[in-house]
Each structure stands twice: as structure tokens, then as C-alpha cells.
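Asks:
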Amino acid sequence: METKVYHQDKMKEAAEIIKQGGLISFPTETVYGLGADATNTEAVKKVYLAKGRPSDNPLIVHVDSKEMVEEYVEAIPDKAIQLMKTFWPGPLTLIFNLAQDNDLSTSVTANLNTAAFRMPNNHVTLELIRQSGTPLVGPSANTSGKPSPTTAIHVLNDLSGKIEGVLDDGGCEVGIESTVLDMSNPDMPTILRPGAITKEEIEQVIGEIAIDTYLVDEQNAPKSPGMKYKHYSPDTPVIMIDSELDNWEEAIEYYQQLDKTVAILSSGEIADRLVDYSVFALYMLSEKKEVKSAMQHLFGGLRALDAELTGYDGVILAEGYPEVSQNAGYMNRLKKAANQTFFRK
Ligand code: TXA
Ligand code: MG
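Residues 2 to 346 in my numbering are what the sequence shown lists, from first letter to last.
Next up, the structure:
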């Protein structure tokens, strides 16, 4: 199959493919999604196949409005309505109890009684949903386990030949996947996956919420099935440089002594400090240390350095941030890429 690149003017064709049960990757403010009709089981199965994703991992349903959610759920709790007013369209996914007879494919929900919904902040994709006349599943459009795609090129690198098309709308602003909040028990909303929208920002709207204990201590089982899988890893090992230890120089010397080819993924501030070291490659996440920019460029940086290190016995040293709520999304993805390891001699 030849994977076509569509732009906004070819929206109709892309929507037609979705209606016929095909796969179109779509842009969002977080990462590119792999879209299929969420009510069509055959189509949804193809999504799992194309990604190589385990099918016990439920998918997010992308909608163009609150009204579209109402067609599938029992009821939308008041707190969730407030959150939708504040954050939709945007990088917040909400989990609700499903209505008894609903049209979502059971492959979307992995047979749970709940489903995750999100209204992405991208007008091209909102139009695609409207023209397709159906909600779209949309896991990140990468091969399972690889860094998520933040450009159409990333999508093609992983899925070319496996999907009908990709709708190109440039780079993603946020850069990591949405915050997932479980609202199935509205008395105790719980963050299952950290993202750009923080716990405090949510609490300002609906009061106290919880965080899945798995996010605090990995010994606990995650409530979100997707969290247990290895994620976001390039082929090259990634080693985080802890922000408090701040031992970049020591780490470079250590790996160079082991004859490793060292690449750096950091802010310009750090890169400036390391000019005297001859490293193989450098990818700047931000100028000054700044988590929003680092978040936006993290996955692209991991992909770029991994490509440069093809054929080398390399290592990517990547900039850690302090473990505060604002940095939770970035640190969650980086620590997964780094297999929870940081440099310590
Ligand atoms: O930013 C995003 O959310 C991106 C873009 C493309 O919109 N999408 C995305 O989708 O990351 P997906 O399907 O890969 O995210 C699914 C996450 C997984 O961690 C999954 O386990 C969790 O949401 N999830 C989905 N439905 C769930 C449910 N009913 N209960 C608990 N967790 C659920
Ligand atoms: Mg993903």
C-alpha cells in the first residue's frame, strides 16, 4: 500500500477513507494520532496491527464536541463539564462510564465499561472528525514502543506502506501525549497519565484530585493499561542526567572512556557549558532550561539523535528536570525512554 500525504484541501478524500474503514494519521496539538472509525471493529483492529500494539491496551476516542461524547456515555459528571469548558479543545483526556448499548467497537475499550475521550485542539482534525461523521480512535501514530511522532515525516518513517495516508499540518506544539484523567468515579478523579495540563491546573477547576499510585511508585499496578508497556525508546540507550546531580562532565568522560559515541539532548545552556567536550551530536531542546520547549522537542530529539547514531555504539545523554508537578509529563516520558536510569558513578 502506498501511504499518501494529504493536506487540508484534500480533507474530503481523507474522510472518505475513514468512512470506508481505512487508516489516516491525523495531526493534534500533542502528537500525531493514528485515526480510524471508532465504531468499526475491523478498522480498529487494523490500528493495533499497524502499530504492533497489544490489544489489551484501550484507545482514546477523539471527538469534535461534548455532544459527540454524550452519544456513548452514561452521563457526563458536572466536574467533567467544567473541565471541558476550561480545557477543551486541548490536551486533556477524560475517562467516563459507557452507556449500556453504545456503538463504540469493543476493540476500542478492550472490553472495559469505560472509555477515554478527547477533543484535540487542531482545526484540521476537528474538521476530519466532522466530515467522517464518526469519532476516531487515535493512539500515537508510531510503531509501538518508539518515540511518538510530532511531524508527518515521523509518521511516515514508522508507518509508510502500512496506512492509507497522513494528514499533514506541520509540527505539534505540545509534543507529548495528553493528560489522562479518570472521571469514572467523579468523587475521586484520578490522573492516570501525566501530560502538559498539570494536577494543579485541574485542581483549580474541580478541587482535589488523585494521582494513580503507579505514577508515584512503579511497584504498584497501573490503572491505565497503557502505562505498563515500555515506551518512547529509541534503539540507542538513553541515560538521564539528573537535574540535582547535574553531572554532565562526569558522564561524558565516563562513556567516552568506554569508547561510546556520545550524543547530547539538552538545553543550549547545558550545551554551552560542554563546548570543550567533543561529542558526536547535539540536539537542543530549548535555549534556556524551559520545560514547555523541552517537552515539545523531546520525541523529535530522541528520533533525530537515534538516526544519527545508526551504526555506532552510542549513548544519548538527556537533560532531567526537577520532579515537580509542572515537569511531570516531561519526566514521565524521559524516564521511560531512559528505562528509569540516570547517571551516577
Ligand atoms: O495526546 C494524546 O492523547 C494522543 C493524541 C494522538 O491524541 N493519543 C494517545 O492515545 O496517546 P492512546 O490511545 O495511545 O492513549 C491511550 C492511553 C493509554 O495509556 C491507555 O491505557 C489509556 O489511555 N486508556 C484508554 N482508555 C482507557 C480506559 N478506559 N481506562 C483506563 N485507561 C485508558
Ligand atoms: Mg503512544
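Cβ coordinates follow ideal geometry from the N, Cα and C atoms, glycine included.
Reducing DSSP to helix, strand and coil, say where Val175 ends up.
Replies: Here residue 175 refers to the residue found at position 174 of the sequence shown. The answer is coil: DSSP assigns Val175 none of H, G, I, E or B.
Asks: Please work out which residues of its chain come closer than 6 Å, Cβ to Cβ, to Thr1, disregarding the five sequence neighbours upstream and downstream, and give them in chain order.
Replies: No information on residue 1 is available, as it lies outside the stretch 2 to 346 that the chain covers here.
Asks: Any idea if Val325 is buried or exposed, counting beta-carbon neighbours within 10 angstroms, 16 or more meaning buried?
Replies: The sequence position of residue 325 within the sequence shown is 324, counting from 1. By the 10 Å Cβ count, Val325 comes out exposed.
Asks: Could you pull the DSSP bridge partners for Val6 from this structure?
Replies: The residue given as residue 6 occupies position 5 in the sequence shown. DSSP lists Val167 as partners of Val6.
Asks: Tell me whether Glu178, by its Cβ, gets closer than 7 Å to a heavy atom of ligand 2.
Replies: As a first step, residue 178 is located in the sequence shown; it is residue number 177 there, counting from the start. It does: the Cβ of Glu178 is within 7 Å (strictly closer) of some heavy atom of ligand 2.
Asks: Who are the near neighbours of Gly321 in its chain, counting only those whose CB is closer than 6 Å to its CB and skipping five residues on each side?
Replies: Against the sequence shown, residue 321 aligns to sequence position 320. Met241, Ile242, Asp243 and Ser244.
Asks: Does the Cβ of Pro121 have 16 or more other Cβ atoms within 10 Å, making it buried, or fewer, making it exposed?
Replies: Walking along the sequence shown from the start, residue 121 turns up at place 120. It counts as buried.
Asks: Can you give me the Cβ contacts of Lys20 inside the same chain, cut-off strictly under 8 Å, excluding the 5 residues immediately before and after it?
Replies: On the sequence shown, residue 20 is found 19 positions in, with the first residue counted as 1. If we look at Lys20 and ignore the five residues flanking it on each side, its Cβ neighbours are Asp38, Ser133, Gly134 and Thr135.
Asks: For a minimum of 3 consecutive residues, which ranges assigned as the beta strand (DSSP E) are wholly contained in the segment 210 to 280?
Replies: List check, beta strand (DSSP E) in window: 239 to 242 and 262 to 268.
Asks: Quick one: what does DSSP say Ala142 is sitting in, helix, strand or coil?
Replies: Your numbering for residue 142 matches position 141 in the sequence shown. Correct three-state label for Ala142: coil.
Asks: Using the three-state DSSP reduction, which class does Leu182 fall into: helix, strand or coil?
Replies: Taking the sequence shown and counting its residues from 1, the one referred to as residue 182 is at position 181. The answer is strand: DSSP assigns Leu182 an E or B state.
Asks: Anyone know if the C-beta pair for Pro140 and Leu35 falls short of 8 Å?
Replies: Indexing the sequence shown from 1 puts residue 140 at position 139. Indexing the sequence shown from 1 puts residue 35 at position 34. Cβ distance < 8 Å, so Pro140 and Leu35 count as in contact.
Asks: In the DSSP assignment, find the beta strand (DSSP E) that holds Val45 and state where it starts and stops.
Replies: Residue 45 sits at position 44 when you count from the first residue of the sequence shown. Segment Thr42 to Lys52 is the alpha helix (DSSP H) holding Val45; no beta strand (DSSP E) there.
Asks: Output the distance between the C-alpha atoms of Leu99 and Ile253, rounded to the nearest integer angstrom.
Replies: As a working mapping, residue 99 is identified with position 98 in the sequence shown. As a working mapping, residue 253 is identified with position 252 in the sequence shown. Roughly 51 Å between the two C-alpha positions.
Asks: Please find out if some non-hydrogen atom of ligand 1 comes closer than 7 Å to the beta-carbon of Gly301.
Replies: Mapped onto the sequence shown, residue 301 falls at position 300. Not so, every heavy atom of ligand 1 lies at least 7 Å from the Cβ.
Asks: Express the C-alpha separation of Asp104 and Ala111 in angstroms, rounding to a whole number.
Replies: For the purposes of this step, residue 111 is taken as the residue at position 110 of the sequence shown. For the purposes of this step, residue 104 is taken as the residue at position 103 of the sequence shown. Cα to Cα, the separation comes out at about 14 Å.
Asks: Quick check on Ala329: does DSSP put it in helix, strand or coil?
Replies: Here residue 329 is taken as the residue at index 328 of the sequence shown, counted from 1. The answer is helix: DSSP assigns Ala329 an H, G or I state.
Asks: Would you please state the rounded distance, in angstroms, between the beta carbons of Pro150 and Tyr33? I believe it to be under 8 Å.
Replies: Counted from its first residue, the sequence shown places residue 150 at position 149. Counted from its first residue, the sequence shown places residue 33 at position 32. Indeed they touch by this definition, with Cβ atoms about 4 Å apart.
Asks: Need the endpoints of the beta strand (DSSP E) that Gly134 sits in, please.
Replies: Taking the sequence shown and counting its residues from 1, the one referred to as residue 134 is at position 133. Premise fails: Gly134 is in no beta strand (DSSP E) and is neither H nor E.
Asks: Considering Cα atoms alone, identify which of Thr107, Gly330, Ser267 and Ser145 is closest to Pro235.
Replies: Translated into positions along the sequence shown, residue 235 becomes position 234. Pro235 has its Cα closest to that of Ser145, out of Thr107, Gly330, Ser267 and Ser145.
Asks: I believe Glu165 touches Met2 by the beta-carbon criterion, under 8 Å. Please report the beta-carbon distance rounded to the nearest angstrom.
Replies: In the sequence shown, residue 165 corresponds to position 164, counting from 1. In the sequence shown, residue 2 corresponds to position 1, counting from 1. With 8 Å as the limit, Glu165 and Met2 qualify as a contact, their Cβ atoms being about 7 Å apart.
Asks: State the Cα-Cα distance for the pair Pro187 and Asp65, rounded to the nearest angstrom.
Replies: Numbered from its first residue, the sequence shown carries residue 187 at position 186. Numbered from its first residue, the sequence shown carries residue 65 at position 64. Each residue's Cα considered, the two are about 23 Å apart.
Asks: Going by DSSP, what residue range makes up the beta strand (DSSP E) through Gly196?
Replies: Stepping through the sequence shown from its first residue, residue 196 is reached at position 195. Neither: Gly196 is in no beta strand (DSSP E) and is coded neither H nor E.
Asks: Please report the straight-line C-alpha distance between Phe92 and Glu30, rounded to a whole angstrom.
Replies: Residue mapping note: residue 92 aligns to position 91 of the sequence shown, counting from 1. Residue mapping note: residue 30 aligns to position 29 of the sequence shown, counting from 1. The displayed chain sequence assigns Pro, not Phe, to residue 92. Between Pro92 and Glu30, the C-alpha separation is close to 7 Å.
Asks: For Ala111, which three-state DSSP category applies?
Replies: Position 110 of the sequence shown, counted from the start, is the residue given in the question as residue 111. The answer is coil: DSSP assigns Ala111 none of H, G, I, E or B.
Asks: May I ask you to check if the CB of Pro140 is nearer than 7 Å to at least one heavy atom of ligand 1?
Replies: For the purposes of this step, residue 140 is taken as residue 139 along the sequence shown, with counting starting at 1. True, at least one ligand heavy atom lies under 7 Å from that Cβ.
Asks: Distance, Cα to Cα, Pro238 vs Asn340?
Replies: The count along the sequence shown starts at 1 and reaches residue 238 at position 237. The count along the sequence shown starts at 1 and reaches residue 340 at position 339. When rounded, the distance between both Cα atoms is 9 Å.
Asks: On the DSSP bridge list, what partners appear for Tyr284?
Replies: The residue labelled residue 284 in the question sits at position 283 within the sequence shown. Answer is Leu266.
Asks: Would Asn333 be called buried (16 or more neighbouring beta carbons within 10 Å of its own) or exposed?
Replies: The residue you call residue 333 lines up with position 332 of the sequence shown. Answer is buried; the Cβ neighbour count reaches 16.
Asks: Tell me whether the beta-carbon of Asn158 lies closer than 8 Å to the beta-carbon of Pro28.
Replies: On the sequence shown, position 157 is the one that residue 158 refers to. On the sequence shown, position 27 is the one that residue 28 refers to. In this structure, Pro28 does not lie closer than 8 Å to Asn158 by Cβ.
Asks: Short of 6 Å in beta carbon distance, which residues of its chain neighbour Lys75, apart from the five on each side in sequence? Order them along the chain.
Replies: Within the sequence shown, the letter at position 74 stands for residue 75. It is Glu, not Lys, that sits at residue 75 in the sequence shown. For Glu75, where only same-chain residues beyond five positions count, the Cβ hits under 6 Å are Asn98 and Ala100.
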